[in-house]
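Student:
Protein chains in written order, with this note's numbering: chain X, 1 to 866; chain C, 1 to 652.
1. Determine the closest residue to residue 380 of chain X out of X/351, X/369 and X/364, with distance taken between C-alpha atoms.
2. Rounded to the nearest angstrom, what separates residue 411 of chain C and residue 581 of chain X at their Cα positions?
3. What residues in its chain sit with their C-beta under 8 Å from that of residue 93 of chain C, if we drop five residues either side in the sequence?
4. Quick one: residues in its chain with C-beta nearer than 7 Å to the C-beta of residue 253 of chain C, no 5 flanking neighbours on either side, listed in chain order?
5. Let me check one thing: in DSSP terms, what residues is residue 82 of chain X bridge-paired to?
6. Are the C-beta of residue 398 of chain X and some C-beta of chain C separated by less than 8 Å?
7. In angstroms, rounded to a whole number, what distance separates the CA positions of residue 480 of chain X and residue 623 of chain X?
8. Check residue 492 of chain X in the structure and name its three-state DSSP category.
9. Taking the beta strand (DSSP E) that residue 749 of chain X belongs to, which residues open and close that run?
10. Near residue 122 of chain C, which residues of its chain fall below 7 Å by C-beta distance, leaving aside the five closest residues on each side in sequence?
11. Tell me whether the segment 841 to 848 of chain X and the segment 772 to 784 of chain X touch, counting them as touching only if at least three CB pairs, one residue from each stretch, are closer than 8 Å.
12. Quick one: list the residues of chain X neighbouring residue 202 of chain C, beta-carbon separation under 9 Å, in chain order.
13. Looking at the structure shown, is residue 117 of chain X part of a helix, part of a strand, or coil, going by DSSP?
14. Out of curiosity, what's the CA-to-CA distance linking residue 865 of chain X and residue 822 of chain X?
15. Would you check if there are 3 or more beta carbon pairs closer than 8 Å linking the segment 556 to 567 of chain C to the segment 469 to 481 of chain C?
16. Quick one: grab the DSSP three-state call for residue 479 of chain X.
17. Take every Cβ of the segment 241 to 251 of chain C, pair it with every Cβ of the segment 131 to 138 of chain C, and state whether three or more of those distances are shorter than 8 Å.
18. Suppose the cutoff is 7 Å on Cβ atoms and the five residues either side in sequence are ignored; what does the same chain contact list for residue 327 of chain X look like?
19. Going residue by residue through the segment 668 to 750 of chain X, where are the continuous alpha helix (DSSP H) segments of at least 4 residues, counting only ones entirely within it?
20. Going residue by residue through the segment 750 to 809 of chain X, where are the continuous beta strand (DSSP E) segments of at least 3 residues, counting only ones entirely within it?
21. Per DSSP, residue 62 of chain C is paired with what?
22. Closer than 7 Å, Cβ to Cβ, to anything on chain C: give me those residues from the segment 428 to 440 of chain X, in chain order.
23. Taking a Cβ distance cut-off of 7 Å, strictly less, list which residues of the segment 465 to 487 of chain X are near chain C, in chain order.
24. Please list, in chain order, all residues of the same chain as residue 271 of chain X whose beta carbon is under 6 Å from its beta carbon, the five residues on each side excluded.
25. Hey, could you find the ends of the beta strand (DSSP E) residue 311 of chain X is sitting in?
26. For residue 92 of chain C, list the residues DSSP reports as bridge partners.
27. Report yes or no: is there a C-beta of chain C within less than 8 Å of the C-beta of residue 555 of chain X?
28. With a 10 Å radius around its C-beta and 16 neighbouring C-beta atoms as the bar for buried, classify residue 627 of chain X as buried or exposed.
29. Counting C-beta neighbours from all protein chains within 10 Å, is the total for residue 268 of chain C 16 or more, i.e. buried, or is it exposed?
30. Does the beta-carbon distance from residue 190 of chain C to residue 259 of chain C come in below 8 Å?
31. Ordered along the chain, which non-local residues of its own chain (more than five positions away) have a Cβ less than 6 Å from that of residue 641 of chain C?
32. What whole-angstrom Cβ distance do residue 443 of chain X and residue 459 of chain X have, given they're in contact under 8 Å?
33. Please give the ranges of any beta strand (DSSP E) in the segment 422 to 467 of chain C, keeping only runs that are unbroken, at least 3 residues long and fully inside the region.
34. Rounding to the nearest angstrom, what Cα-Cα distance links residue 608 of chain C and residue 120 of chain C in this structure?
35. Mind listing which residues of the segment 595 to 612 of chain X have their C-beta closer than 8 Å to chain C's C-betas, in chain order?
36. Give a yes or no on contact between the segment 428 to 435 of chain X and the segment 471 to 480 of chain X, applying the rule of three or more CB pairs nearer than 8 Å.
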C-alpha cells in the first residue's frame, strides 16, 4: 500500500479549496490528487490513502443517452468501484470531456448539453481508469415550448414559494395561495395573473382582484418584488434580482405572461427520476444526485439544479441545494426531491465502515433476496438464524397469539427433523388458534363494536371469513359494498346507528384498505401529499347513497338513490337528502376514481360495489395489505406507520414491497399464503440478538425487533403461564359473563368487558381506526406490582404452581417448566443454579416460587415477542 | 283526521265518586319467570318446575288449549341473592324470595305440536303466561352431571329434544352425538325468552368436531354450517326481534361431534331454560317454511289482538272478508255513491270509476279474494309487467340480486287503495320487501318506507311497513314494483304476498293496554276493588264512525262501567314519532282512547279459575250500529282478600 503522490499534503489542501465539496470520508483525497494532476494511474491501482481501499474501476451513469431537442441536457455521474466493496461517486474528481464538441458540450458538473444532431461520447478519466458513455443528439432544432407549470411552477417549487409552510399551505400566506408544489397549474395561474385572495371554504376570491403581475412594468410585478425582497416579504428573499430564476420570471411577464408558449400543445412531464435512488456513503462521505425530467415528447432534461431537496432525517444525511448529499451520522434516510407537480426520492445509507469480506447469507425466498441484498449494499450483516426456542415462541405468538405449551416446546427443541419449522408453520396456519387470533386482529381492523347482536353478526363474519380462508380482496369487497343485515354491513352503523359521515368513511376505508391518509383532503388539498379535495369528494360520492332502516336493532343497510335524510324539519316540504357537494366549489361531485375517471352513469346502479371492485384491484390495495401484514410480523412496516403511504414517507424496500404485493395478488390475495411466505423467510427467522455490525439498525431487518405483546395476548399469556384463566363480565345492559376459560382474544368486543388489565395495557375501543403503539406507561409498571392479574393468579388453587407442588415437582423441574411455558426455552445453567439457590434460601417455598413466576411474567422477555 | 275524545261508549258513564281507585296490587300478583323443562312430547307425563314470585298460594294451572293438564305437586320457597340496579346505574346485591312450583303435567296424544300458553292460578290471582312447547320428538333432560365442558358432553341420539338450562352466567352446555357419513341434520335452540321478563339475550348454538389442535389435543374445532338463525316468535323486552339459532350441517365424515349451547353475551341463571332440538334436516328446497320455529303457537299464528301491520300476518283469500267484517255498510242500495263503507269522504270511489269491488261490496258484506296471481319472470320491466285486476293478491319471490317484480294495474280518479305485504318465509331484517307504486312516467307516488325524525331530533329513521294506503288523484295505469331494499340480497325463500285492494274503512286494533302500550292479557281483581282500563282504538282506512265498546261475560258481582278520566296518556295516542313524520296517515291509523272501570263488588265471589271476559267493539256509522266484534279476550280472576290473608297466615 502506498501513495503515488510526492507532495500529497500540498495537493490535498489545493484539492480541498478547488473542489470545495464532494468528499468521500477524507480518504478521497488521494483520488483528488490524482485527478487534479490528470495522471494516468498505473496498473498497480489507486488507493484512497495508504490504508484505504483501492480504486478498482470507474463507470459512467448513465451508460448512454439520447438527447432530443435543442438544448437538451443530461447529468452524468462517475462512479468508482473500490476494493472495500463500496461504490463511491467521484465525478468531481474525474476528468470529463466530450469526444466531439460540435455535437454536445459540457455544462455544469457532469452535465451534457446537446449542440447539434449526431453521435459522440462522454469520456471520464480517473486514476488511470477510463469510462465512456454514448451520446446521440437528435432534433436539435426543436425547442421545448414554454410551460407555465414547468417553467414558472418549477421555479416556485424550487424556491419553496409553494411549499406547505408557505403559499402552498392550506390557506396560503398573506392571501396568496399556490397549489402545493405546483400540482394545480391552472389555479396557480389564476391567482397570479388575475389576483385575488384565497378562501378555504369558497372558490370566490377574497376582496377585489389585483393581478400579481404588471405587464406594463414587469419589474414592478408583485410576483417579483416580494421574493426579491424589494417590498416586505414574510418569506424573506427567495429570488435574488439578476439570478437566472428571477430573469426567467421577468422574461415570462415581459412576454405577456402566457400559460402555454408558442401556441404549441402543453408540455407533458411524464416522470422525474433521481439517480441513484439508493446509495451508500460513509460518515462525512458525499454523493451527488442527478435528477432528470422525462417529457412526453421524448426529451430529457437535467434538472438537478432546479429542484428542491429535503432530507427526511438530517441527523443522518444533509443535502445541498445542488443535490450533493453528505453523510452526517450512521443510519438511513430518505431525500425528497420536489419539482413542479412531481416528486421523487432517494434512500441514502450512511455506514461506519465498509465490509471487505461480506459473508454469504442463505436465502429462503424472494423476501430474503430483497432484504439481504439491501443489507449487503448497506454493509450490514444480518444476525444469525434464531434458535429453535426463539423461533417457536415468535411464530406461535405471531400466527396464533398463543404461547406454545411446554410439552410442544420440548418436542420441537428435541426434534432433529430438517423441515420442522415448515411443519410447525403449517400446523399453526391450520390450527383453530389461528382463526381465533386473526379474528381478533381483523375485528380490530374492521372495528367490530356496537350493539351486542351487531357485534355478534359482524364478528361472526370476520371469524368465518378467516376460518374459510376467504380471499382478502373478497372480504374487503364484502365490507365496502356491504348491504342488508349481514355482518360487514354493521360497519356502516357503528357510529350512533346511522350512516357515518361521508368524510369519515372515505378517510377510514382509504386508510385501512389503501394505506393512505386522505383526511386532510376533506377540507383542502393535502398539504404534504398529492391528494386533492376533488379526489376526496370524488370518492365520497360512492358512499352518498348509504342509508338504513331503523327497526329496533334490526337495522338494514342499503343504498337509496336519494341517500340518507339530513334535515330535521317538519314534513315532506323540508325533507332533503345527503348530497356530495364539494365544500369549496359547492358543486355536486359525481363518483370519481382517484385518477379522475368519473363512473359512467350506466354503472351507477351499485356505487359501492363499483368502488369496492376498483379499490381491491388497485395496486395500492395489495401494497397496503402486505405492508400491514409485514408490520405485524416485523414490528414496523416497509412503509411505517403501515397506513401512511405518502411522498414524504417512502418505503425502505420499495422493490420488495412491490414483489410482495405482486405475489399476494398472484396467489389470489390469500392471507395464509402471505403469512406463510413471510414467516418462512430467513429474514423473519433471524435472531433478535444484534451483532456488532447491525446493532443500530432499526430499518433493514438485519435482526428481529422485539415487539410488545398486544394487551389481550399478554393477558392470555399470563393466564396460560399461571394456569389461571381470566373471568370477563360484560358491561352494559346485558351484563353477561364470558364462559370460564374464554381467552381475551376470543372476546368479540373486548372493550365491552370490565377489565382493568386490558384498560391499563390500552386495549382499543375500536371507535377509530385501531393503532396499537405498544408504548409502555407508568400505570403498566404499577399494575405489575399490585394488580390481581400479576399477583393473585400466582398462588391460586389449581394454578400452575399449585399443580406442580401437588405433583411433587422439584425446584429444577418447576424452574424449567416456568421457562418453557413463559419463554419457550430452557433456563441456562447460570439461571438454573441461581434460581434454585434463591428458592432454597427462602423460608416459604411456595412464596419463593410465586416470586419467581412473578419475575418471569414481569420480564421484558416475556412481555414481548422477540 | 280530527281526533275525538272520548270514543262513544255504550257502557254507562261512571263517575269516579267513590275515589276507590286503588292501584293494581301488582306486587302481590303471581309472576312466573321460567319453567323447566320447556315442554314435552304428546302422550307423556312429566314433572315441570316453574320458578317465579308470589306463587305461594298456587293451586291450579290454566292452559289456553285442550290436550294439556297439570296438577300442583309441591311449592318450595327460596331466598336468593340478586343484583339490583340502582339509580346511578350501579348494581348492588340484595335478597329476594322466589317460589318454585312443581307440577305433574300430562300431554295428551292429540295435543297439538307447538307452543301452548300456561299460567298458574293462585289465591292472589292469575299469573303471567309462559310457553310450553309440545314437540313430536322424544324428549330428554340435560344430565344431572355437569356437561359444561367438551370432555363431559352429554351423549344424545337424534331425533331428540333436550331440555336444558344455562344455570349461571357464562355457562355452556355440551352435547355429543354420532353421525353417519353424509348425514344431514338440523339443530335448533328454543327458549322461553319471549315470555319471561327476567331473561335477556339470544341463545347461541355452535357445532364442533373434537379434533384437537397442535396446542391442545383436547381442543375442539368449530364447524362451519349453514346458518338459518332468524327471528323466533315473540319479541324481546326491547321490542326487537327474538333470534333463535338454527343450523344445518351435512357431515362428510362419520364420527362424534359436539353441540354447544350458550347465549350470545354469556347470560345465564335459573330462568334460562332451553330446548335443543336435533332432527334430520329436510332436503334443500323441500318447501319447509324457514321462518317457522317449533315455538310458534300451536293453534296458528292468531294474535291476541287484531293485527294488520305485521309482515308475518296471513293474507289469504278470506282476508278481505275479515276486514269487511270490521266495517259497516251504510246503504244497501249504494245510492248517492255510498258504497257501503263506513267513511264519509275520502275512500269513496266516484261513480264514473266504480270498480268491480265497489260493486261487489254493495252486493255482499263478505268477499272471497280470487286465487293469488303468481309472478312470471322475467318481469323486471314495465313492458313485461303482469296485469292485475283489483282486488288481487300476487305472490312471488326476489330470487336473484337486483330482482324487481313489476305488476300493472288500473286505478280510477280518487280511488283509494290499500297495499298489504306478507313475507311468509323470511322476515325483515333478512328480507326487507320494498314496495313502490309508480305512474306511467316512472314517477314514484307511494312506497312502503316510512320516515320520521328520531333520536334527540338529530337523525331520521325510516322503516318498511307491511301496509300502506294511497288515493290516486288521476285515473290511469300504474305499476307496482316489489324488490328487496338492498340491491344484492335475494333467495328463493324471499317470498312475498302482496294484496292490492280498495280501502275498506274499518275498525282496526282495539285493545286494553297498559300505560307503556302493552296489551293487557289478564286482570286480577280483589272483591271490592276497582280497576281502570284504558282501551286504545284504531280507525283504519278512513273509518270515521264511532266505536262502541262493551265488556261481556263478566263474572258474578263484577261490573264494567264507562269512566271519565282527567288525564290522557299521550303515549297511547302516539303513532310513530310526531316530528318530521312523512305521510304518517299512510302508515298509522288514528287512535282514540276510552276508559272503562271494572268494579268487583264487595260480595263478588272468588273465581276459582280465570274467566274469559270479552272486549267487544261495534262500529257505528250514520246512526247505524254494526255487529259485535270480539276484539280482545282477557282472563279475569276475582280474589277474596280474606282468602289471600289466610294463605299468607298459613305461609307464615
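Yeah, the Cβ is synthetic: ideal placement off N, Cα and C, and Gly gets one too.
Tutor: Taking the coordinates as given:
1. Closest by alpha carbon: X/351.
2. About 40 Å.
3. Short of 8 Å from the beta carbon of residue 93 of chain C, and not among the five residues preceding or following it, lie these beta carbons of its own chain, in chain order: 81, 82, 83 and 84.
4. Once the five neighbours on either side are set aside, the close Cβ partners of residue 253 of chain C are 181.
5. Answer is X/55.
6. Answer no: the Cβ-Cβ gap between residue 398 of chain X and chain C never drops below 8 Å.
7. Cα-Cα distance, rounded: 18 Å.
8. Helix, per DSSP.
9. Here residue 749 of chain X belongs to no beta strand (DSSP E), and DSSP marks it neither H nor E.
10. 30, 55, 57, 58 and 59.
11. Too few Cβ pairs lie closer than 8 Å, so no.
12. Those within 9 Å of residue 202 of chain C in chain X are 452, 453 and 456.
13. Residue 117 of chain X: coil per DSSP, three-state reduction.
14. Per the coordinates, the alpha-carbon of residue 865 of chain X lies some 11 Å from the alpha-carbon of residue 822 of chain X.
15. The answer is no - the segment 469 to 481 of chain C does not touch the segment 556 to 567 of chain C, with fewer than three Cβ pairs under 8 Å.
16. Helix.
17. These segments do not touch.
18. If we look at residue 327 of chain X and ignore the five residues flanking it on each side, its Cβ neighbours are 281, 282, 283, 284, 285, 317 and 350.
19. If we require 4 residues or more, the alpha helix (DSSP H) runs fully inside the segment 668 to 750 of chain X come out as 671 to 680, 682 to 685 and 711 to 722.
20. Scanning the segment 750 to 809 of chain X for uninterrupted beta strand (DSSP E) segments of 3 residues or longer gives nothing; none is fully contained.
21. Residue 62 of chain C pairs with C/119.
22. Along the segment 428 to 440 of chain X, the positions whose C-beta sits under 7 Å from a C-beta of chain C are 428, 431, 432 and 433, read in chain order.
23. Residues passing the 7 Å Cβ filter: 467, 468, 483, 484 and 485.
24. 294.
25. Run containing residue 311 of chain X: 308 to 311, per the beta strand (DSSP E) assignment.
26. Note: residue 92 of chain C sits in a beta bridge opposite C/84.
27. At least one chain C Cβ lies under 8 Å of residue 555 of chain X.
28. Residue 627 of chain X comes out buried.
29. It is buried - the Cβ of residue 268 of chain C has at least 16 other Cβ atoms within 10 Å.
30. With respect to the 8 Å criterion, residue 190 of chain C and residue 259 of chain C are not classified as neighbours on the basis of their beta carbons.
31. Leaving aside the five residues that flank residue 641 of chain C on each side, the residues in its chain whose CB is nearer than 6 Å to its CB run, in chain order, 526.
32. Contact annotation, residue 443 of chain X with residue 459 of chain X: C-beta distance approximately 6 Å; criterion of less than 8 Å satisfied.
33. Runs found: 433 to 438, 444 to 447, 449 to 454 and 459 to 464.
34. Their Cα atoms are separated by approximately 12 Å.
35. Residues of the segment 595 to 612 of chain X that bring their beta carbon within less than 8 Å of a beta carbon in chain C comprise 605, 606 and 609, in sequence order.
36. Look at the beta carbons and you see the segment 428 to 435 of chain X not touching the segment 471 to 480 of chain X: under three pairs across the two are nearer than 8 Å.
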